[in-house]
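Chemist:
Protein chains in written order, with the working numbering: chain A, 548 to 976; chain B, 548 to 976.
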């Protein structure tokens, strides 16, 4: 009696799983549940193709898959049979099993506590609207284009050669594309050696802080400031000196006074859309800050995470583009532009600093995803990023104005606020 | 005279660029080069569709794209015209331009030097073969399946809600999938709270080291050892004590002697395929090491980056699965399995430690790519990862044996070596 393969091998031609793999999966499950025993001869590919009503090549592909996985052995021109050694992963046990499920316990060895305050949830969610502190709406982003390129980069033969190269500093491809992009959008005159690709603005802040600051250092930050940046500086045990932020940005006169009394290693500024007040640093203060940096030899950590979003006015060129001695560390990100899950940002600095940041970053996590970086490079090169930015700016602008009208109409008697020039809706103190 | 739109708007129906976007791109370029002036009225969508021989909806889509980008204004039922304000990004200049291109200088502010020795290039490359210290061949990996899922996750409406959730610790989706995966493959009995998703094994080592070690700490490592791990421990200023690795792995008797004299905070071990000698820690030493860990209260940092690849013997269950008090920090990675560019790894530890590592990781780089994590979760759930592992193991095994035969045949009189049980070809001292 012939084995009822037609009932064992279930093929659903509507399924997204290729038919050859459906054949393989069915046979594996028959082997696993004992229906097909070790050593059992299977029908020839020609016979099985006839039984199942599929092309012979499909059956051959299924058999090859099974052979590659050691479920069957193929003896060419002779027979196909279920393997004698069924390839189940059987790790070897040793010692006694821990019935106490050790990971329910606490780690009893002393370790450093990174105190984490209760998270301040700023996001307001509706079924279709999310108001938070600046995540992009991924539905507007050209993620599909990005992934299409990613796929083609991994499928080509040269994928192996390309992807592993230089991912600690970031692929040369993306860094070279950024040289042009940062020149066009920000007037920066740099080379690929001045760029380190990171997992986002936060990693650039962390690397800069770790390399610049130590227990004896002083760093100046705005008050209020992006709290995660403060936390990052605290990690280095440096002293954090807060300077007021008013409607022109951080108070540079106050910085000058402090510099006369103390040795300052670095000043952290967010020149566009200061977090959380959304103000932009005025021209006078920009000039003054660069002067002070030259005079007192401090580094400026310029966190320009939000340069690309402006509604009613053009952005100012970064401090990094201004007249400085190479002591501006410029930080940017693509997470705000495309997708908060896309962890790609960058740091621009003199080569000697980039080199050490790269060496340090190697210890932290080796590097980033080279394919994704090259896919992003292609997106920038083809102008797709610029197109996306224009479209999404317009869309966010309209949403802002729509909400503004609604708020004034419905809640005008109860709330007052300033409409920001960026994508943020509320300054929240 | 009607404007020669047919000559300005070039449509290539074979192109991968959608026709509506080709229309938009052509019009933008005509605006940019001055062919179409500000205020010029464009034909109605119906007229242009006729001129170009495309569907009217295609023209409308093109016009909407142009409108979204502010290149044209659409006055419904009246006219469509080239915008008066052409939307070029014109950042505002301020202060003097720095003609000295500041980033050619060195950063003159003192900063920490992470000494990087000249890289020891171990890879041997041929046009189609690369021999290195253990990168997977991406051509064998189911990257396509992974990216297909990634795309579907970003395209759906719920993408926004899903992707931002909990990416510092890793998506719950992937952590839950790993609970099952690590139970099936390694016998680990844990919950999603015991897992932190990192960018790979190296990040897990870095986080553990930073939290466990300080200047006064002692850590034991193998000699020879994975050099990047040593570098990571050096960063904490802890003292590194080296213990010989022989053909049974790290010498546990030597560890015992040291523990009697000194307070040891942690022992770093690579139980499978120790880097660079490829030896596996013997059963007796596994039992002994766990005993010592209980007796002397030290943490074991178990770097099991290569658990999944075995050719001739089954793997041993990890130390983490053995009888311990919750003081084993277990480290694994998917970069070795799928793609070195795919930066996803994990750490398993008691909840109190995972919580602090998560808080610390937030400062370093906020988190990973939530979509990619969920795509990987789907790959594991559908059994695709397991199938891939079986196939690629077989393929690597064959390549190893093929090279072994070739080496014996061609160079047998000149070289001697031990064929390793893992994917490595040579132990290199």
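Note that CB positions come from ideal geometry on N, CA and C, so glycine has one too. Since we're looking at a predicted model, the values are computed, not measured.
Would you mind reading off the limits of the beta strand (DSSP E) that contains residue 791 of chain B?
Modeler: For the purposes of this step, residue 791 of chain B is taken as residue 244 along the second chain, with counting starting at 1. 786-793 is the extent of the beta strand (DSSP E) around residue 791 of chain B.
Chemist: Name the DSSP bridge partner or partners of residue 880 of chain A?
Modeler: For the purposes of this step, residue 880 of chain A is taken as residue 333 along the first chain, with counting starting at 1. Answer by DSSP bridge pairing, in chain order: A/892.
Chemist: Taking the alpha-carbon positions, what's the residue 676 of chain B to residue 740 of chain A distance?
Modeler: Here residue 676 of chain B corresponds to residue number 129 of the second chain, with the count starting at 1. Here residue 740 of chain A corresponds to residue number 193 of the first chain, with the count starting at 1. Confidence at residue 676 of chain B is low in this model, with a pLDDT of 47, below 50, so the placement of that residue is unreliable and no value is reported for it.
Chemist: Would residue 843 of chain A pass as a contact of residue 806 of chain A if the rule is Cβ separation under 8 Å?
Modeler: Residue numbering aside, residue 843 of chain A sits at position 296 when the first chain is read from its first letter. Residue numbering aside, residue 806 of chain A sits at position 259 when the first chain is read from its first letter. Closer than 8 Å, so yes.
Chemist: Near residue 870 of chain B, which residues of its chain fall below 8 Å by C-beta distance, leaving aside the five closest residues on each side in sequence?
Modeler: Numbered from 1 along the second chain, position 323 holds the residue referred to as residue 870 of chain B. Cβ within range, chain order: 837.
Chemist: Are there three or more Cβ pairs, one per stretch, closer than 8 Å when the region 882-899 of chain A is compared with the region 761-773 of chain B?
Modeler: In short, these stretches do not touch, since the Cβ pair count stays below three.
Chemist: Who are residue 850 of chain A's beta bridge partners in DSSP?
Modeler: Residue mapping note: residue 850 of chain A aligns to position 303 of the first chain, counting from 1. Note: residue 850 of chain A sits in a beta bridge opposite A/878.
Chemist: Taking CB distances under 8 Å as the criterion, tell me whether residue 830 of chain A reaches chain B.
Modeler: Taking the first chain and counting its residues from 1, one reaches residue 830 of chain A at position 283. Yes, residue 830 of chain A lies at the interface with chain B (some Cβ there is under 8 Å from its Cβ).
Chemist: Can you check whether the CB of residue 787 of chain B is closer than 8 Å to the CB of residue 780 of chain B?
Modeler: Residue mapping note: residue 780 of chain B aligns to position 233 of the second chain, counting from 1. Residue mapping note: residue 787 of chain B aligns to position 240 of the second chain, counting from 1. Cβ distance < 8 Å, so residue 780 of chain B and residue 787 of chain B count as in contact.
Chemist: In this structure, how does DSSP classify residue 809 of chain B when only helix, strand and coil are distinguished?
Modeler: For the purposes of this step, residue 809 of chain B is taken as the residue at position 262 of the second chain. Note: residue 809 of chain B maps to coil in three-state DSSP.
Chemist: Within the same chain, show all residues whose beta-carbon is closer than 8 Å to that of residue 864 of chain B, passing over the 5 residues directly before and after it, in chain order.
Modeler: By 1-based counting over the second chain, the position of residue 864 of chain B is 317. Cβ within range, chain order: 733, 734.
Chemist: Whose Cβ in chain C lies nearer than 9 Å to the Cβ of residue 753 of chain B?
Modeler: This model lacks chain C altogether, as its protein chains are A and B.
Chemist: Counting along the chain, where does the alpha helix (DSSP H) carrying residue 966 of chain B start and finish?
Modeler: Position 419 of the second chain holds residue 966 of chain B. Neither: residue 966 of chain B is in no alpha helix (DSSP H) and is coded neither H nor E.
Chemist: Quick check: is the beta carbon of residue 881 of chain B nearer than 8 Å to any beta carbon in chain A?
Modeler: On the second chain, residue 881 of chain B is found 334 positions in, with the first residue counted as 1. So no, residue 881 of chain B is outside the interface.
Chemist: What residue range does the beta strand (DSSP E) around residue 628 of chain A cover?
Modeler: In the first chain, the residue the question calls residue 628 of chain A occupies position 81. Segment 626-629, the beta strand (DSSP E) holding residue 628 of chain A.
Chemist: Applying the criterion that 16 or more other CB atoms from any shown protein chain within 10 Å of the CB defines a buried residue, is residue 945 of chain B buried or exposed?
Modeler: Taking the second chain and counting its residues from 1, one reaches residue 945 of chain B at position 398. Residue 945 of chain B should be labelled exposed.
Chemist: Distance, Cα to Cα, residue 880 of chain B vs residue 701 of chain B?
Modeler: Position 333 of the second chain, counting from 1, holds the residue named residue 880 of chain B. Position 154 of the second chain, counting from 1, holds the residue named residue 701 of chain B. Cα to Cα, residue 880 of chain B sits roughly 24 Å from residue 701 of chain B.
Chemist: Among A/814, A/558, A/576, which one has its Cα closest to the Cα of residue 848 of chain A?
Modeler: Working through the first chain from its first residue, we reach residue 848 of chain A at position 301. The shortest Cα separation from residue 848 of chain A among A/814, A/558, A/576 belongs to A/814.
Chemist: According to DSSP, is residue 636 of chain A part of a helix, a strand, or is it coil?
Modeler: Here residue 636 of chain A corresponds to residue number 89 of the first chain, with the count starting at 1. Low confidence applies here, because residue 636 of chain A scores a pLDDT of 48, under 50, leaving its location unreliable and the question unanswered by this model.
Chemist: Assign residue 579 of chain A to one of two classes, buried (16 or more other C-beta atoms within 10 Å of its C-beta) or exposed (fewer than that).
Modeler: Here residue 579 of chain A refers to the residue found at position 32 when the first chain is read from its first residue. It counts as exposed.
Chemist: The beta strand (DSSP E) spanning residue 769 of chain B covers which residue range?
Modeler: Taking the first residue of the second chain as position 1, residue 769 of chain B is located at position 222. 765-770 is the span of the beta strand (DSSP E), which, as asked, contains residue 769 of chain B.
Chemist: Assuming residue 888 of chain A and residue 696 of chain A form a contact by the criterion Cβ under 8 Å, report the distance between their Cβ atoms to the nearest whole angstrom.
Modeler: On the first chain, residue 888 of chain A is found 341 positions in, with the first residue counted as 1. On the first chain, residue 696 of chain A is found 149 positions in, with the first residue counted as 1. With 8 Å as the limit, residue 888 of chain A and residue 696 of chain A do not qualify as a contact, their Cβ atoms being about 17 Å apart.
Chemist: Does the distance from the CB of residue 816 of chain B to the CB of residue 873 of chain B come in under 8 Å?
Modeler: The count along the second chain starts at 1 and reaches residue 816 of chain B at position 269. The count along the second chain starts at 1 and reaches residue 873 of chain B at position 326. Not a contact, by the Cβ cut-off of 8 Å.
Chemist: Helix or strand or just coil, what does DSSP make of residue 547 of chain B?
Modeler: Any answer about residue 547 of chain B is impossible in this case: the structure gives chain B only from 548 up to 976.
Chemist: So, are the CB atoms of residue 804 of chain B and residue 832 of chain B less than 8 Å apart?
Modeler: Along the second chain, one-based indexing puts residue 804 of chain B at 257. Along the second chain, one-based indexing puts residue 832 of chain B at 285. Not in contact: residue 804 of chain B and residue 832 of chain B (Cβ atoms no closer than 8 Å).
Chemist: Here's the rule I'm using: 16 or more other beta-carbon atoms within 10 Å means buried, otherwise exposed. How should residue 560 of chain A be labelled?
Modeler: If you number the first chain from 1, residue 560 of chain A lands on position 13. It is exposed - the Cβ of residue 560 of chain A has fewer than 16 other Cβ atoms within 10 Å.
Chemist: Taking 8 Å as the CB-CB limit, is residue 698 of chain B close to chain A?
Modeler: Taking the first residue of the second chain as 1, we reach residue 698 of chain B at position 151. Yes, contact with chain A.
Chemist: Please classify residue 746 of chain B as buried or exposed, where buried requires at least 16 other C-beta atoms within 10 Å of its C-beta.
Modeler: For this step, residue 746 of chain B is matched to residue 199 along the second chain. Classification of residue 746 of chain B: buried, given that the 10 Å Cβ count is 16 or more.
Chemist: By the DSSP assignment, the alpha helix (DSSP H) with residue 834 of chain A in it spans what residues?
Modeler: Here residue 834 of chain A refers to the residue found at position 287 of the first chain. Its alpha helix (DSSP H) spans residues 830-843.
Chemist: In whole angstroms, give me the CA-to-CA distance for residue 577 of chain B and residue 568 of chain B.
Modeler: Reading the second chain from its first residue, position 30 is the one you call residue 577 of chain B. Reading the second chain from its first residue, position 21 is the one you call residue 568 of chain B. Going from the Cα of residue 577 of chain B to the Cα of residue 568 of chain B covers about 14 Å.
Chemist: Can you tell me which of the three DSSP states residue 660 of chain A falls into?
Modeler: Here residue 660 of chain A refers to the residue found at position 113 of the first chain. Three-state DSSP puts residue 660 of chain A in coil, outside helix and strand.
Chemist: Counting along the chain, where does the alpha helix (DSSP H) carrying residue 745 of chain A start and finish?
Modeler: The residue labelled residue 745 of chain A in the question sits at position 198 within the first chain. Taken as a continuous stretch (DSSP letters only), residue 745 of chain A belongs to no alpha helix (DSSP H), being part of the beta strand (DSSP E) at 742-745.
Chemist: Pick out the complete alpha helix (DSSP H) segments inside the region 715-759 of chain B, 4 residues or longer, and give them in chain order.
Modeler: The qualifying runs are 719-733, 748-759.
Chemist: Which residues share a DSSP beta bridge with residue 797 of chain A?
Modeler: The residue labelled residue 797 of chain A in the question sits at position 250 within the first chain. For residue 797 of chain A, which the question treats as bridged, DSSP gives the partners A/792.
Chemist: For a quick check, are the C-beta atoms of residue 778 of chain B and residue 744 of chain A less than 8 Å apart?
Modeler: Sequence index remark: in the second chain, residue 778 of chain B carries index 231 (1-based). Sequence index remark: in the first chain, residue 744 of chain A carries index 197 (1-based). No; because the gap between Cβ atoms is not below 8 Å, this pair is not in contact.
Chemist: Check whether the Cβ atoms of residue 613 of chain A and residue 571 of chain A lie closer than 8 Å to each other.
Modeler: Position 66 of the first chain, counted from the start, is the residue given in the question as residue 613 of chain A. Position 24 of the first chain, counted from the start, is the residue given in the question as residue 571 of chain A. Cβ distance < 8 Å, so residue 613 of chain A and residue 571 of chain A count as in contact.
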